[in-house]
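Peer 1: Chains as they are written, first to last, in this note's numbering: chain P, 1 to 416; chain E, 417 to 832. The structure follows.
2 protein chains.
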Amino acid sequence: MKVEIITIGDEILIGQIVDTNSAWMAQALGDIGIRVHQISSISDQEAHIFKALVEAEGRVEVIIMTGGLGPTKDDITKHSLAKYFGVGMKQDKEALENVTSIFARFNMPLLEVNKNQAMVPENCQVLQNLKGTAPGMWFEERGKIYISLPGVPHEMKGLMESEVIPKLLEKGNLPALVHQTLLTAGIGESFLAQKLEPIEEALPRHIKLAYLPKLGQVRLRLTAFGASKPELEKEVEGFTQKIMEIVSDHLIWKGDGTLSQAILARLESLKKTFATAESCTGGYIAREITSVPGASKSYLGGLVPYSNALKIQLLGVKEETLTKFGAVSEETVREMVKGLLERIGADFGIATSGIAGPDGGTKDKPVGIVWVAWGGKGIIQAKKFQFGKDRLVNIERSATVALTQFLTFLKEVPLE
Amino acid sequence: MKVEIITIGDEILIGQIVDTNSAWMAQALGDIGIRVHQISSISDQEAHIFKALVEAEGRVEVIIMTGGLGPTKDDITKHSLAKYFGVGMKQDKEALENVTSIFARFNMPLLEVNKNQAMVPENCQVLQNLKGTAPGMWFEERGKIYISLPGVPHEMKGLMESEVIPKLLEKGNLPALVHQTLLTAGIGESFLAQKLEPIEEALPRHIKLAYLPKLGQVRLRLTAFGASKPELEKEVEGFTQKIMEIVSDHLIWKGDGTLSQAILARLESLKKTFATAESCTGGYIAREITSVPGASKSYLGGLVPYSNALKIQLLGVKEETLTKFGAVSEETVREMVKGLLERIGADFGIATSGIAGPDGGTKDKPVGIVWVAWGGKGIIQAKKFQFGKDRLVNIERSATVALTQFLTFLKEVPLE
């Protein structure tokens, strides 16, 4: 089964937004053994939609469209589809109830344009959108499947997971597919590839190894296709074990997890708490940690002491330290961790201080310099990093190295 | 002049990478009045490249391809193009010198595969790539222009700026293009559309209004095409002013800006400071604020007092308040803001407390309930919101409403 993704809307064509939906959908479809053959981004004009549909029909069996389902005039997807299939519109009762209940929940009056969101082409099956007012739509015509989803990422994802993926699986004839993911950090893609060369050479044709790099992290993904799922699982687990042995120094998590999840899981086993003090990362670490459900079990909280005065007041960093060594220094980040342990009462702590940029660098401390410290009572460790000039990249990289160092440290802390 | 961008390579189709190149190229082309008509992402197979080229020729005058120009076996773009045009390959002297000098600079031996990078189809003009070993290529055939660029972002950007844009400008006859963006918050897309209906009806055919919604925010974008840039600018500014009047209550920013930028700009005008205390948003607000360069001018810092003990210790929230009303209550968020003003010494503060989910709700306080407070000395305001069940969505929505309420409040604070 081959799929074409068609994104509808000028915002992609003028470069106002980066199309992250397609990559997410391609991964989700790949996970169930469905290959994306082409991605086409087109404008929100009826003629263009028609032409793209005709072309896609010549290439694939399933066409997934995103975008153009909002209540405003530039949202023309569903009327274009009705015209394309030569059918009228109908009101969908469930979709109307959904819109009505969403507006009721937010205490807002229901406008006529919103009621119109429950209107869909007569020949479609409605895919109920629990995260928004625009229903998804599923058409089977001319031996092909056409799916229309909203372009808002969390609505699209919700519909893909709750409706599209299960319905495509029902269509059957999909090969068995097994994935395994390993998260590594602190080692580059090409070095990993070098270490894993013998494994790659030993992989049979039906198992693929992919490298998915992100700032400071590389996710390794094994994908296997075949007839028997249990056999594939056994085979993949064998290779996974071999890879884990080879990359053990850099392995963070087996499965689809994050650094934050690994840290929280480890702290739960240790029955210990931790806290964060972030200057240059400005809340990035706190946000990553608290995005994990149940983080409050081990995470007491965080400080973002952006000003020096707050570093002194909240964490007891000595004024002398700041004057003598500066806010971006080993001494300061060590005292920040000390403050987390002594003042906040955490068992462990992480601290960051750096110059994220684009301005604020000096000759001795150029933009991109970052000090990170981490530890617990009696052992505080610190390390300096030098990154580039891009503020957002520096913040993300700093957070990643801080979390990686902290996790590596936690792995050595014995269970009680 | 209309352009189609064709990205060649499986990494986009399997979702391994997000295609950021196309958005960058679309913006760069839009800046000189060239419209991207379609973006197609295809696999690195000769037959697929041929088919995509034939289709694109039916749509546009200029086809820009990226990807498939590396030294490895899966990079087939230039051989496919030679075959497509029915020509042989030639060695380009300048391109060979470029490859040789790059390898010499890094002290690496020049392999045969690298020398092959200087081989190009006979009918192309070479676009010298100063940032990498794969030359760009420019073809004029059958009344169309075909451009092939490497997929590595900084190489593609370098070639676009130094070669492609200047050569396209030479071709002349480009229409002028003008964009204007307005950021609104706290009003849904459909309500905005209702308010702006008279404007939409008054818009001439060459000016388009688009609605780009995100959680809690909607970006409005006017796009105009025409012969004279100054005239278009005047026209667009006229409509922009009318829209700004109509949506003034919800207007955050004129231009491509964020809520955080608007808040920081306002505080800089007021010469005041602020701080944040986030329970349920867990650092999301701090991160948004500190992602803006120069945030430290007005932002003293933030607290993420996840545990009740920290709410008491750091912000002076009364134990009695927490016991009597709970951490998720109007009383608690008000005391959190008070703590920011009195203990942290900020002129203004924002506080959030809620149940982000997916667990932790009760009958009285279901998942998705969020209390937000904001204010300065003498005036603290608070508001309750009820969101859904998705943790990450609740966090983002809570941060957006908190920042929106705070900005609305700040707009009323008089300049000194």
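From the three backbone atoms N, C-alpha and C, an ideal C-beta is built for every residue, glycine too. What you are looking at is a predicted structure, and each value in this text was computed from that prediction instead of being measured.
With a Cβ-Cβ cutoff of 8 Å, do Ser-148 (chain P) and Gly-132 (chain P) count as a contact?
Peer 2: On the first sequence, residue 148 (chain P) is found 148 positions in, with the first residue counted as 1. On the first sequence, residue 132 (chain P) is found 132 positions in, with the first residue counted as 1. Cβ distance not < 8 Å, so Ser-148 (chain P) and Gly-132 (chain P) don't count as in contact.
Peer 1: Leaving aside the five residues before and after Val-247 (chain P) along the sequence, list all residues of the same chain whose C-beta is less than 6 Å from its C-beta, in chain order.
Peer 2: As a working note, residue 247 (chain P) is residue 247 in the first sequence. Cβ within range, chain order: Thr-184.
Peer 1: Expressed to the nearest angstrom, what Euclidean distance is found between the alpha-carbon atoms of Leu-168 (chain P) and Gly-777 (chain E)?
Peer 2: Here residue 168 (chain P) refers to the residue found at position 168 of the first sequence. Here residue 777 (chain E) refers to the residue found at position 361 of the second sequence. In a straight line, the C-alpha of Leu-168 (chain P) is about 34 Å away from that of Gly-777 (chain E).
Peer 1: Return the CA-CA distance between Glu-412 (chain P) and Ser-260 (chain P), expressed in angstroms with no decimal places.
Peer 2: As a first step, residue 412 (chain P) is located in the first sequence; it is residue number 412 there, counting from the start. As a first step, residue 260 (chain P) is located in the first sequence; it is residue number 260 there, counting from the start. When rounded, the distance between both Cα atoms is 17 Å.
Peer 1: Show which residues of chain E have a CB atom less than 9 Å away from the CB atom of Gly-15 (chain P).
Peer 2: Position 15 of the first sequence, counted from the start, is the residue given in the question as residue 15 (chain P). In chain order: Ser-438, Ala-439, Trp-440, Met-441, Ala-442, Gln-443, Ala-444, Leu-445, Gly-446 and Val-452.
Peer 1: Only counting runs of 3 or more residues, tell me where the beta strand (DSSP E) segments fall wholly within the stretch 738 to 824 of chain E, in order along the chain.
Peer 2: If we require 3 residues or more, the beta strand (DSSP E) runs fully inside the stretch 738 to 824 of chain E come out as 764 to 770, 785 to 792 and 795 to 802.
Peer 1: Quick one: what does DSSP say Met-576 (chain E) is sitting in, helix, strand or coil?
Peer 2: Indexing the second sequence from 1 puts residue 576 (chain E) at position 160. Note: Met-576 (chain E) maps to helix in three-state DSSP.
Peer 1: Among residues of its own chain, excluding the 5 on either side of Asp-316 (chain P), which ones have a beta-carbon nearer than 8 Å to its beta-carbon?
Peer 2: What you label residue 316 (chain P) is simply residue 316 of the first sequence in a count that begins at 1. It should be pointed out that residue 316 (chain P) corresponds to Gly in this sequence rather than to Asp. Same-chain partners within the cutoff: Glu-335, Lys-338, Gly-339, Glu-342 and Arg-343.
Peer 1: Shorter than 8 Å from the beta carbon of Gln-610 (chain E) to some beta carbon of chain P?
Peer 2: In the second sequence, counting from the first residue as 1, residue 610 (chain E) sits at position 194. Interface residue, yes.
Peer 1: Identify which residue in E:Ile-668, E:Gly-765, E:Lys-650 and E:Thr-656 has its Cα closest to the Cα of Glu-694 (chain E).
Peer 2: For the purposes of this step, residue 694 (chain E) is identified with residue 278 of the second sequence, where counting begins at 1. Measuring from the Cα of Glu-694 (chain E), the nearest candidate turns out to be E:Gly-765.
Peer 1: Could you tell me whether the Cβ of Ala-420 (chain P) comes closer than 8 Å to any Cβ of chain E?
Peer 2: There is simply no residue 420 (chain P) to check, as chain P begins at 1 and stops at 416 in what is shown.
Peer 1: What residues in the stretch 59 to 76 of chain P have a beta carbon less than 9 Å from any beta carbon of chain E?
Peer 2: Those residues of the stretch 59 to 76 of chain P that come within reach of chain E (Cβ to Cβ, closer than 9 Å) are Arg-59, Gly-70, Pro-71, Thr-72, Lys-73, Asp-74 and Asp-75.
Peer 1: From Pro-569 (chain E) to Asn-437 (chain E), what distance separates their C-alpha atoms?
Peer 2: The residue you call residue 569 (chain E) lines up with position 153 of the second sequence. The residue you call residue 437 (chain E) lines up with position 21 of the second sequence. Their Cα atoms are separated by approximately 6 Å.
Peer 1: Between the stretch 238 to 254 of chain P and the stretch 170 to 185 of chain P, do three or more beta carbon pairs fall short of 8 Å?
Peer 2: Enough Cβ pairs lie closer than 8 Å, so yes.
Peer 1: Measure the alpha-carbon distance for Ala-286 (chain P) versus Gly-158 (chain P) and round it to whole angstroms.
Peer 2: Walking along the first sequence from the start, residue 286 (chain P) turns up at place 286. Walking along the first sequence from the start, residue 158 (chain P) turns up at place 158. Ala-286 (chain P) and Gly-158 (chain P): Cα-Cα distance of roughly 26 Å.
Peer 1: Specify the secondary structure class of Phe-239 (chain P) as computed by DSSP and reduced to three states.
Peer 2: Translated into positions along the first sequence, residue 239 (chain P) becomes position 239. It is helical.
Peer 1: What's the C-alpha gap between Phe-825 (chain E) and Gly-604 (chain E)?
Peer 2: Within the second sequence, numbered from 1, the residue matching residue 825 (chain E) stands at position 409. Within the second sequence, numbered from 1, the residue matching residue 604 (chain E) stands at position 188. If you take the alpha carbons of Phe-825 (chain E) and Gly-604 (chain E), they lie about 20 Å apart.
Peer 1: By alpha-carbon positions, which one of E:Ala-626, E:Leu-469 and E:Asp-780 ends up nearest to Ile-12 (chain P)?
Peer 2: For the purposes of this step, residue 12 (chain P) is identified with residue 12 of the first sequence, where counting begins at 1. Answer by Cα proximity: E:Ala-626.
Peer 1: List the whole-angstrom C-beta distance separating Thr-697 (chain E) from Ala-818 (chain E), where the pair is believed to meet the contact cut-off of C-beta under 8 Å.
Peer 2: Taking the second sequence and counting its residues from 1, one reaches residue 697 (chain E) at position 281. Taking the second sequence and counting its residues from 1, one reaches residue 818 (chain E) at position 402. Between Ala-818 (chain E) and Thr-697 (chain E) the Cβ distance is about 7 Å, and since that is below 8 Å, they are a contact.
Peer 1: Listed in chain order, which residues of the stretch 801 to 817 of chain E have Cβ atoms closer than 8 Å to some Cβ of chain P?
Peer 2: Listed by position along the chain: Gln-802, Gly-804, Asp-806, Arg-807, Leu-808, Val-809 and Ile-811.
Peer 1: Run through DSSP, which three-state label would Pro-198 (chain P) get?
Peer 2: As a position in the first sequence, residue 198 (chain P) is number 198, starting the count at 1. Three-state result, Pro-198 (chain P): helix.
Peer 1: Is the closest heavy atom of the ligand ADP to the C-beta of Lys-73 (chain P) under 7 Å?
Peer 2: This structure lacks the ligand ADP, and indeed carries no ligand of any kind.
Peer 1: Closer than 7 Å by beta-carbon distance: list the chain E residues that pair up with Gly-447 (chain P), in chain order.
Peer 2: The question about residue 447 (chain P) has no answer, for chain P in this structure spans 1 to 416.
Peer 1: Considering Ser-22 (chain P), what are the terminal residues of the alpha helix (DSSP H) in which it resides?
Peer 2: Along the first sequence, one-based indexing puts residue 22 (chain P) at 22. Start and end: 21 to 31.
Peer 1: Pull up the distance between the alpha-carbon of Glu-94 (chain P) and that of Ser-723 (chain E), whole angstroms please.
Peer 2: For this step, residue 94 (chain P) is matched to residue 94 along the first sequence. For this step, residue 723 (chain E) is matched to residue 307 along the second sequence. So the alpha carbons of these two residues sit roughly 41 Å apart.
Peer 1: In this structure, does DSSP put Leu-182 (chain P) in helix, strand or coil?
Peer 2: Residue mapping note: residue 182 (chain P) aligns to position 182 of the first sequence, counting from 1. It is a strand residue.
Peer 1: Given a cut-off of 8 Å on the beta-carbon distance, is the pair Tyr-700 (chain E) and Ala-815 (chain E) in contact?
Peer 2: Walking along the second sequence from the start, residue 700 (chain E) turns up at place 284. Walking along the second sequence from the start, residue 815 (chain E) turns up at place 399. For Tyr-700 (chain E) and Ala-815 (chain E), yes; Cβs fall inside 8 Å.
Peer 1: For Thr-404 (chain P) versus Gly-216 (chain P), is the C-beta spacing smaller than 8 Å?
Peer 2: Here residue 404 (chain P) corresponds to residue number 404 of the first sequence, with the count starting at 1. Here residue 216 (chain P) corresponds to residue number 216 of the first sequence, with the count starting at 1. Yes, these two residues count as a Cβ contact at 8 Å.
Peer 1: Across which residues does DSSP place Val-452 (chain E) in a beta bridge pair?
Peer 2: For this step, residue 452 (chain E) is matched to residue 36 along the second sequence. Bridge partners of Val-452 (chain E): E:Val-419.
Peer 1: Note down the Cα distance separating Gly-717 (chain E) from Gly-791 (chain E), rounded to an integer number of angstroms.
Peer 2: Residue 717 (chain E) sits at position 301 when you count from the first residue of the second sequence. Residue 791 (chain E) sits at position 375 when you count from the first residue of the second sequence. C-alpha separation (whole angstroms): 16 Å.
Peer 1: Since Leu-628 (chain E) and Arg-637 (chain E) are thought to touch, with beta carbons under 8 Å apart, how far apart are those beta carbons, to the nearest angstrom?
Peer 2: In the second sequence, counting from the first residue as 1, residue 628 (chain E) sits at position 212. In the second sequence, counting from the first residue as 1, residue 637 (chain E) sits at position 221. About 6 Å separates the two Cβ atoms, so the contact holds.
Peer 1: Can you tell me where the beta strand (DSSP E) holding Ile-668 (chain E) begins and where it ends?
Peer 2: Against the second sequence, residue 668 (chain E) aligns to sequence position 252. Where Ile-668 (chain E) is concerned, the enclosing beta strand (DSSP E) stretches over 667 to 670.
Peer 1: Residues of chain P with a CB under 7 Å from the CB of Asp-508 (chain E): which are they?
Peer 2: As a working note, residue 508 (chain E) is residue 92 in the second sequence. Within 7 Å Cβ-Cβ: nothing; Asp-508 (chain E) doesn't reach chain P, min ~28 Å.
Peer 1: Could you work out which residue in P:Ile-8, P:Arg-35, P:Ile-32 and P:Glu-46 is closest to Ile-455 (chain E) when comparing CA atoms only?
Peer 2: Indexing the second sequence from 1 puts residue 455 (chain E) at position 39. Among P:Ile-8, P:Arg-35, P:Ile-32 and P:Glu-46, the Cα nearest to that of Ile-455 (chain E) is on P:Ile-8.
Peer 1: Using a Cβ distance threshold of 8 Å, determine whether the stretch 438 to 458 of chain E contacts the stretch 578 to 593 of chain E, with at least three qualifying pairs required.
Peer 2: Contact holds: three or more Cβ-Cβ distances are below 8 Å.
Peer 1: In whole angstroms, what separates the C-alpha of Gln-461 (chain E) from that of Val-87 (chain P)?
Peer 2: Stepping through the second sequence from its first residue, residue 461 (chain E) is reached at position 45. Stepping through the first sequence from its first residue, residue 87 (chain P) is reached at position 87. Gln-461 (chain E) and Val-87 (chain P): Cα-Cα distance of roughly 38 Å.
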